[in-house]
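Asks: Residues in the sequence shown are numbered from 6 upward in steps of one, following the working numbering.
C-beta atoms are modelled at their ideal positions from N, C-alpha and C, and glycine is treated no differently.
Given the structure is predicted, the values throughout are model-derived calculations rather than measurements.
Have a look at the structure that comes next, please.
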Amino acid sequence: MRAWQRMLSGRRLDLINPSAMDIEIEDIAHGLSRVARWNGQTIGDHSFSVAQHSVLVEKISLTLQPEIEKTWLLAALLHDASEYVVGDMISPFKNVLGVNYRSFEDKLMQAIHIRFGLPAVIPPQLKKFIKRSDKISAYLEATQIAGFSHAESCKIFGPPPIPVKDLAIQPLSANEAKQQFLEKFYALAEQTDTAAA
Numbered sequence: 006m007r008a009w010q011r012m013l014s015g016r017r018l019d020l021i022n023p024s025a026m027d028i029e030i031e032d033i034a035h036g037l038s039r040v041a042r043w044n045g046q047t048i049g050d051h052s053f054s055v056a057q058h059s060v061l062v063e064k065i066s067l068t069l070q071p072e073i074e075k076t077w078l079l080a081a082l083l084h085d086a087s088e089y090v091v092g093d094m095i096s097p098f099k100n101v102l103g104v105n106y107r108s109f110e111d112k113l114m115q116a117i118h119i120r121f122g123l124p125a126v127i128p129p130q131l132k133k134f135i136k137r138s139d140k141i142s143a144y145l146e147a148t149q150i151a152g153f154s155h156a157e158s159c160k161i162f163g164p165p166p167i168p169v170k171d172l173a174i175q176p177l178s179a180n181e182a183k184q185q186f187l188e189k190f191y192a193l194a195e196q197t198d199t200a201a202a
């Protein structure tokens, strides 16, 4: 039974034992720019992609902690990178699938981290910080483009802090989102020891 996926780069990614050598940033950007957040249940001419969400999470992280290391901003940008393979499964469905799904996703994320010079497992404090930025992004997306009320979003995601509460979201086309993601990646890669090639 086939357990690999061919990427547009020509790489074959083994889904059972993903190798860092088979991961390319162009494949990640391409895939994420075509994966819709909120299962596509958003307003506008374009879906709000995981690529665009990832850039927003990096921006929120930098806004909340302007002195944060660039390496950790790269980790924030790549926090959902596994979704270029598995798609953006909504949290309630991940909870239904349980630990097997999460262990697969963790293994893929470890390979992605290694590929781009990050620790295979990022420190718990950093993971918590990125999760906070992720939840703030979810609040902004929920209230601006996914039809949630402020009260409902606050209950689920918590209210956003003042510095980021007014960030506006405008869903981009897949190609624009891909380009935005790649530009942010290469800018961060230049400022770190990241293996960008």
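Buried or exposed: where does G45 fall if 16 or more other Cβ atoms within 10 Å of its Cβ makes it buried?
Replies: Translated into positions along the sequence shown, residue 45 becomes position 40. When all chains shown are included, G45 counts as exposed.
Asks: Whole angstroms is fine: what's the gap from H51's alpha carbon to F186's?
Replies: Along the sequence shown, read from residue 1 onward, the residue named residue 51 stands at position 46. Along the sequence shown, read from residue 1 onward, the residue named residue 186 stands at position 181. Roughly 16 Å separates the two Cα atoms.
Asks: Does DSSP classify R107 as helix, strand or coil?
Replies: The count along the sequence shown starts at 1 and reaches residue 107 at position 102. Note: R107 maps to helix in three-state DSSP.
Asks: For the 8 Å Cβ check, are there 3 or more pairs between the stretch 117-135 and the stretch 62-82?
Replies: With the cut-off at 8 Å, the stretch 117-135 and the stretch 62-82 touch.
Asks: Taking the alpha carbon of H118 as the reference point, which residue from L13, I30, Q10, M6 has its own alpha carbon closest?
Replies: Position 113 of the sequence shown, counting from 1, holds the residue named residue 118. When each option's Cα is compared against that of H118, the closest is I30.
Asks: Is the beta carbon of S138 less than 7 Å from the beta carbon of T148?
Replies: Here the question's residue 138 lines up with position 133 in the sequence shown. Here the question's residue 148 lines up with position 143 in the sequence shown. Contact: no.
Asks: Could you tell me whether the stretch 167-179 touches the stretch 11-22, using the rule of 3 or more Cβ pairs below 8 Å?
Replies: Touching, no, given that fewer than three Cβ pairs across the two stretches are closer than 8 Å.
Asks: From the DSSP output, in three-state form, read off A192 for me.
Replies: For the purposes of this step, residue 192 is identified with residue 187 of the sequence shown, where counting begins at 1. Here A192 sits in helix by DSSP.
Asks: What span of residues does the beta strand (DSSP E) with R11 cover, start to end?
Replies: For the purposes of this step, residue 11 is taken as residue 6 along the sequence shown, with counting starting at 1. From DSSP, the beta strand (DSSP E) with R11 extends over 9-11.
Asks: Inspect the beta-carbon positions of K64 and L193 and report whether they are closer than 7 Å.
Replies: The residue you call residue 64 lines up with position 59 of the sequence shown. The residue you call residue 193 lines up with position 188 of the sequence shown. No, these two residues do not count as a Cβ contact at 7 Å.
Asks: What is the residue span of the beta strand (DSSP E) that D19 lies within?
Replies: The residue you call residue 19 lines up with position 14 of the sequence shown. Where D19 is concerned, the enclosing beta strand (DSSP E) stretches over 17-19.
Asks: Provide the residue span of the alpha helix (DSSP H) that contains Q149, from first to last.
Replies: In the sequence shown, the residue the question calls residue 149 occupies position 144. That run of the alpha helix (DSSP H) goes 129-149.
Asks: On the three-state DSSP scale, how would you describe S87?
Replies: Working through the sequence shown from its first residue, we reach residue 87 at position 82. If DSSP states are grouped into helix, strand and coil, S87 belongs with coil.
Asks: Among F134, L145, Q130, whose alpha-carbon lies nearest the alpha-carbon of L69?
Replies: The residue you call residue 69 lines up with position 64 of the sequence shown. Of F134, L145, Q130, the residue nearest in Cα terms is F134.
Asks: From the DSSP output, in three-state form, read off A41 for me.
Replies: In the sequence shown, residue 41 corresponds to position 36, counting from 1. A41: strand per DSSP, three-state reduction.
Asks: Can you tell me whether DSSP reads S54 as helix, strand or coil?
Replies: Reading the sequence shown from its first residue, position 49 is the one you call residue 54. In this structure, S54 counts as strand in the three-state DSSP scheme.
Asks: Does the beta-carbon of P165 have 16 or more other beta-carbons within 10 angstroms, so that it is buried, or is it exposed?
Replies: By one-based count along the sequence shown, residue 165 stands at place 160. P165 should be labelled buried.
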